[in-house]
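Note sheet for the following structure.
Protein chains: 2
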Amino acid sequence: MRRPVILSFVMRKVAKQLTKEKLLDEGVALLMEHGYHGTGLQDILQRVGVPKGSFYNYFDSKEHYGAEAIRHYIEPFIEQLDAYLKRPDLSGSAALELYYRDQIAEVGRRDFKGGCLLGNLIGEIGDTSETCRIALKSALDRYRDMLAALIAKGQTEGTYRQDRSALEMADLLVNAWQGALLRMKIERSTAPLEQCCRTLLGEDFRA
Amino acid sequence: MRRPVILSFVMRKVAKQLTKEKLLDEGVALLMEHGYHGTGLQDILQRVGVPKGSFYNYFDSKEHYGAEAIRHYIEPFIEQLDAYLKRPDLSGSAALELYYRDQIAEVGRRDFKGGCLLGNLIGEIGDTSETCRIALKSALDRYRDMLAALIAKGQTEGTYRQDRSALEMADLLVNAWQGALLRMKIERSTAPLEQCCRTLLGEDFRA
DNA sequence: GAAAGCGATATGACCGGTCGTCTCGAAATC
DNA sequence: GATTTCGAGACGACCGGTCATATCGCTTTC
Numbered sequence: 025m026r027r028p029v030i031l032s033f034v035m036r037k038v039a040k041q042l043t044k045e046k047l048l049d050e051g052v053a054l055l056m057e058h059g060y061h062g063t064g065l066q067d068i069l070q071r072v073g074v075p076k077g078s079f080y081n082y083f084d085s086k087e088h089y090g091a092e093a094i095r096h097y098i099e100p101f102i103e104q105l106d107a108y109l110k111r112p113d114l115s116g117s118a119a120l121e122l123y124y125r126d127q128i129a130e131v132g133r134r135d136f137k138g139g140c141l142l143g144n145l146i147g148e149i150g151d152t153s154e155t156c157r158i159a160l161k162s163a164l165d166r167y168r169d170m171l172a173a174l175i176a177k178g179q180t181e182g183t184y185r186q187d188r189s190a191l192e193m194a195d196l197l198v199n200a201w202q203g204a205l206l207r208m209k210i211e212r213s214t215a216p217l218e219q220c221c222r223t224l225l226g227e228d229f230r231a
Numbered sequence: 025m026r027r028p029v030i031l032s033f034v035m036r037k038v039a040k041q042l043t044k045e046k047l048l049d050e051g052v053a054l055l056m057e058h059g060y061h062g063t064g065l066q067d068i069l070q071r072v073g074v075p076k077g078s079f080y081n082y083f084d085s086k087e088h089y090g091a092e093a094i095r096h097y098i099e100p101f102i103e104q105l106d107a108y109l110k111r112p113d114l115s116g117s118a119a120l121e122l123y124y125r126d127q128i129a130e131v132g133r134r135d136f137k138g139g140c141l142l143g144n145l146i147g148e149i150g151d152t153s154e155t156c157r158i159a160l161k162s163a164l165d166r167y168r169d170m171l172a173a174l175i176a177k178g179q180t181e182g183t184y185r186q187d188r189s190a191l192e193m194a195d196l197l198v199n200a201w202q203g204a205l206l207r208m209k210i211e212r213s214t215a216p217l218e219q220c221c222r223t224l225l226g227e228d229f230r231a
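Keeping their order, the protein sequence lines are chains A and B.
Numbering of the first sequence is given in the numbering used here, commencing with residue 25 and proceeding in unit increments.
Numbering of the second sequence is given in the numbering used here, commencing with residue 25 and proceeding in unit increments.
And the structure:
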């Protein structure tokens, strides 16, 4: 009983892309809350008001949808880190501390739920869905490289130690942060995250 | 059409406990491969040859089964670390390096699949099932405490740095190791695990 | 300008399976 | 015979995925 709307070819394409993004937005939230197998297509679709039969007009399969959701999820993180990296007034170490302060505040606001979609999905389907595995690896590599760039900046500024490669330090930071996010979820506290930052950014990485 | 067998009260209880443990053993393997929501009770039951209708003779629900599987999973790790801790011929640092060398060899043998059940389940249901969350926290705390004991031993032996508490170091080790296991799954390589050990056990923890 | 025809897109009913859980009669023990 | 334990089967709900049909915007014809 919807009012019929006349849309041009171009407008229809734009509208479709818009719906697709809404599906990804809602899906990311649901995937973070209930995981891959715990999230049904129906849940996602009805949240956006898209009929069941239309799902496959937007995505090839649930698995491909998952891979797109992964790519969709990581984008804002990359952009934020990239913006920090390009700011001349912000040192590498200050940027990292600012970034993680924000992240800790954010997960606290979410009542310690969700954590990181990448970490959760790697654990759940990282070794059963090759399509998602590749998307996960690509996303995490991009993320790690952004952190490495900020660490390298901190190295040239003399804040961070230079006897270890920035990439190696970024790997440790990513790994420990992922573990700390898991700890947060079961302890229901941001303490593991704060401890992680204090130890690595505040001590071990310092020159 | 099974041949009726007369069993005493005690023997029946033992047999039941044996079946229960088999259900947990198989379940742990399946949970590691497909996650909580990806593992059906049917899969577990038919692997052990237990009829579907009998599940609730052994466990209250899938959720309680999950919590028991978590406790069942961590036990061997605790025992192995405890055995290392009690060996007088083994220094704390040597024990840790031996333990992680074994772990790396083991996951390599499993083709980088599975990782750690605790980490996987925390990510998937750590914030949706309170019952499992408590089991996960208890298991991970026990594990962390065992590592802390070994680190403390290494501290008194003079191998590890003493300007940081053993518990704090154990936290970092657990977190980084969990992250490294995730990285292993998507990189399909033990390199992240080796790097994690080299950096922490071999450098940052050293006195 | 209106009508008819066209390919592309959207959709909701429906597929075979599987999910976790429960019921209730059978079987085994005391 | 009373009590406890077990298990075959079925429950309703939901899963990811399919498909015939309906509707759409556009083009052609008059």
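All C-beta atoms in this analysis are idealised placements derived from N, C-alpha and C, irrespective of residue type, glycine included.
Give the C-beta separation of Gly139/A and Met35/A to the nearest angstrom, bearing in mind that I take them to be a contact with Cβ-Cβ under 8 Å. About 38 Å; that fails the 8 Å criterion.
Alpha-carbon to alpha-carbon, Gln66/A and Ile94/A: 19 Å
Answer yes or no: does any C-beta atom of chain A fall closer than 8 Å to that of Asp126/B? no
Cβ atoms of Ala176/A and Ala190/A: under 8 Å apart, would you say? yes
Against chain B: residues of the stretch 83-95 of chain A by CB proximity under 8 Å: none
Closer than 8 Å, CB to CB, is Gly203/A near chain B or not? yes
Three-way DSSP call (helix, strand, coil) for Arg36/A in this model: helix
Which residue wins for smallest C-alpha separation from Ala125/B, given the options Leu105/B, Gly90/B, Glu211/B, Asp195/B? Here residue 125/B is Arg; the residue named in the question, Ala, does not match the sequence. Nearest of Leu105/B, Gly90/B, Glu211/B, Asp195/B to Arg125/B, Cα basis: Leu105/B.
Inside the stretch 135-183 of chain A only - alpha helix (DSSP H) runs reaching at least 4 residues: 141-149, 154-180
What did DSSP end up calling Arg230/A once you bin it into helix, strand or coil? strand
What is the DSSP secondary structure of Asp106/A, counted as helix, strand or coil? helix
Just confirm the distance between the C-beta atoms of His88/A and Leu48/A, as a whole number of angstroms; I'd bet it's less than 8 Å. Actually they do not touch by this definition, with Cβ atoms about 12 Å apart.
Looking only at its own chain, which residues have a Cβ that is under 7 Å from the Cβ of Lys44/B, when we skip the five neighbours before and after it? Tyr82
Does the distance from the CB of Lys145/B to the CB of Leu122/B come in under 8 Å? Correcting the residue identity first, residue 145/B is Leu in this sequence and not Lys. No, they are not a contact pair.
Residues in its own chain within less than 8 Å of Val52/A by CB, not counting five upstream and five downstream? Ala93, His96, Tyr97, Leu141
Count the other CB atoms, across all protein chains shown, that sit within 10 Å of the CB of Tyr80/B; report buried if there are 16 or more and exposed otherwise. exposed
Distance between beta carbons of Leu197/A and Leu171/A, contact taken as under 8 Å: 6 Å
Rounded straight-line distance, which links the Cα of Gln127/B to that of Ala229/A: In the sequence under discussion, the amino acid at residue 229/A is Phe, which differs from the Ala named in the question. Their backbone Cα atoms lie some 27 Å apart in a straight line.
Quick one: is the Cβ of Ala173/A within less than 7 Å of any heavy atom of the ligand NAP? Here there are no bound small molecules, and the ligand NAP is not part of this structure.
When the Cα atoms are used, what is the spatial distance from Arg199/A to Ala200/B? Looking at the sequence shown, residue 199/A is not Arg but Asn. Answer to the nearest angstrom: the Cα atoms are 5 Å apart.
Gln186/A lies in the alpha helix (DSSP H); which residues open and close that run? Premise fails: Gln186/A is in no alpha helix (DSSP H) and is neither H nor E.
Under the rule that 16 or more other beta-carbon atoms within 10 Å means buried, what is Asp113/B, buried or exposed? exposed
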